[in-house]
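Trainee:
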Amino acid sequence: MLHTMSTTVEPGPERSADEVNEEIRALWRRSGGTLSVEQREEYQRLVLEWASAVPQPAEAA
1 MLHTMSTTVE
11 PGPERSADEV
21 NEEIRALWRR
31 SGGTLSVEQR
41 EEYQRLVLEW
51 ASAVPQPAEA
61 A
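Per the working numbering, the sequence shown runs over residues 1 to 61.
#1: Around the C-beta of glutamate 49, are 16 or more other C-beta atoms found within 10 angstroms, so that it is buried, or is it exposed?
#2: Buried or exposed: where does valine 54 fall if 16 or more other Cβ atoms within 10 Å of its Cβ makes it buried?
#3: Between the Cα of leucine 27 and those of Glu14, Glu19, Tyr43, Ala17, spot the shortest distance and give me the residue it belongs to.
#4: Would you report the Cα separation of glutamine 39 and arginine 29, rounded to the nearest angstrom?
#5: What's the C-alpha gap between serine 52 and leucine 35?
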């Protein structure tokens with residue numbers, strides 16, 4: 001059976017790239033380094049969200 005993954009990012013509240021990146025890191029930590037089919041789908045969704053996320057402005061030092 002062939003599975004296809006949607007590449008459509010569902011609209012939601014805009015999060016910063018840092019927030020999405022932290023969720024991606026948490027997913028990898030929970031998975032122990034090997035993603036299941038469902039986790040891969042979540043990872044793909046998160047990466048697409050991260051790529052289109054609003055960058056955080058650099059903090060002034």
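Note that beta-carbon positions come from the ideal geometry of N, C-alpha and C, so glycine has one too.
From a predicted model like this one, the values you see are computed outputs, not experimental measurements.
Mentor: Taking the coordinates as given:
#1: buried
#2: exposed
#3: Tyr43
#4: Using only the alpha carbons, I get a separation of about 12 Å.
#5: 23 Å
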